[in-house]
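Numbering (our numbering), first residue to last: 706 to 929. Even for Gly, the Cβ is constructed at its ideal location relative to N, Cα and C. Bear in mind the structure is a predicted one, so any value in this text is a computation, not a measurement.
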């Protein structure tokens with residue numbers, strides 16, 4: 706097995722271009738479980754752990770949005786100041802595995818795996834987030850609703866890298882909850898994120914782990 710330890714996005718993209726079948730790994734919290742259980746075999750890996758750009762975030766006050774690097778760990782999302790901007794994401798982050806898993810796992814990893822039980826995915830769905838992808842040929846932005854297309858299937862091309870996610874900053878209540886077979890360190894049996902966008906006068910509700918991908922309950926939103 707060969708491992709490329711990229712230190713920049715360009716290095717990671719060059720490695721992907723040279724070997725489109727290489728597996729991307731950020732924290733490895735999903736992929737390594739599959740490997741250890743002999744559910745998948747990997748020959749070539751592009752590690753993104755040392756790519757500093759993917760671990761940055763910033764608030765754009767003009768557009769009132771948060772741009773979150775794909776590699777920002779869940780451990781950072783649950784702490785101030787980041788937790789103050791998107792409280793529902795902080796709540797979701799606190800439910801992710803153990804402290805060690807939260808230190809390694811990321812939203813980019815959740816999106817890359819695209820498991821319907823991914824803890825952060827109902828939040829980005831309820832917030833109408835945008836996924837930012839980059840390849841050697843350029844960049845493209847995809848609505849998170851178009852990005853998640855099935856069980857562990859997404860719209861990323863093999864030569865693309867998820868570099869960031871942008872979420873609108875909303876005023877009003879937002880919350881996240883999940884249930885599982887025990888109280889902690891558990892995969893969701895069902896999860897939900899509810900957002901009240903006070904400025905838009907709208908309520909948005911997304912459910913995880915109940916269908917092949919995250920579900921937006923549009924009829925319930927209209928009723929609420």
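Contact set for residue i: own chain, Cβ-Cβ below 7 Å, skip 5 residues either direction
{"i": "residue 811", "result": "731, 732, 775, 776, 777, 778, 779"}
{"i": "residue 886", "result": "894"}
{"i": "residue 873", "result": "769, 770, 832, 833"}
{"i": "residue 876", "result": "903, 904"}
Pairwise C-alpha distance: residue j and residue i
{"i": "residue 813", "j": "residue 929", "result": "31 Å"}
{"i": "residue 757", "j": "residue 763", "result": "14 Å"}
{"i": "residue 816", "j": "residue 835", "result": "11 Å"}
{"i": "residue 790", "j": "residue 771", "result": "8 Å"}
{"i": "residue 796", "j": "residue 897", "result": "11 Å"}
{"i": "residue 859", "j": "residue 865", "result": "12 Å"}
{"i": "residue 829", "j": "residue 707", "result": "33 Å"}
{"i": "residue 787", "j": "residue 842", "result": "32 Å"}
{"i": "residue 754", "j": "residue 892", "result": "24 Å"}
{"i": "residue 807", "j": "residue 723", "result": "31 Å"}
{"i": "residue 785", "j": "residue 799", "result": "13 Å"}
{"i": "residue 718", "j": "residue 759", "result": "13 Å"}
{"i": "residue 809", "j": "residue 801", "result": "10 Å"}
Exposure label - residue i; buried when at least 16 CB within 10 Å
{"i": "residue 844", "result": "exposed"}
{"i": "residue 852", "result": "buried"}
{"i": "residue 713", "result": "exposed"}
{"i": "residue 769", "result": "exposed"}
{"i": "residue 906", "result": "exposed"}
{"i": "residue 746", "result": "exposed"}
{"i": "residue 924", "result": "exposed"}
{"i": "residue 884", "result": "exposed"}
{"i": "residue 916", "result": "exposed"}
{"i": "residue 805", "result": "exposed"}
{"i": "residue 766", "result": "exposed"}
{"i": "residue 855", "result": "exposed"}
Any chain C beta carbon closer than 7 Å to residue i
{"i": "residue 715", "result": "Going by chain labels, chain C is absent from the structure shown, which holds only one protein chain."}
Per DSSP, the bridge partner or partners of residue i
{"i": "residue 772", "result": "763, 871"}
{"i": "residue 855", "result": "858"}
{"i": "residue 710", "result": "752"}
{"i": "residue 730", "result": "752"}
Cut-off 8 Å between Cβ atoms - residues of its own chain near residue i, not counting five sequence neighbours on either side
{"i": "residue 857", "result": "818, 819, 820"}
{"i": "residue 863", "result": "721, 725, 726"}
{"i": "residue 827", "result": "797, 881, 896, 897, 898, 911, 912, 913, 919"}
{"i": "residue 908", "result": "899, 900, 901, 902, 926, 929"}
Cβ-based neighbour list, residue i, same chain, cut-off 6 Å, excluding 5 preceding and 5 following
{"i": "residue 709", "result": "720, 751"}
{"i": "residue 837", "result": "846, 868, 869"}
Cβ contact (3+ pairs, closer than 8 Å) linking the region 714-732 and the region 749-766: yes
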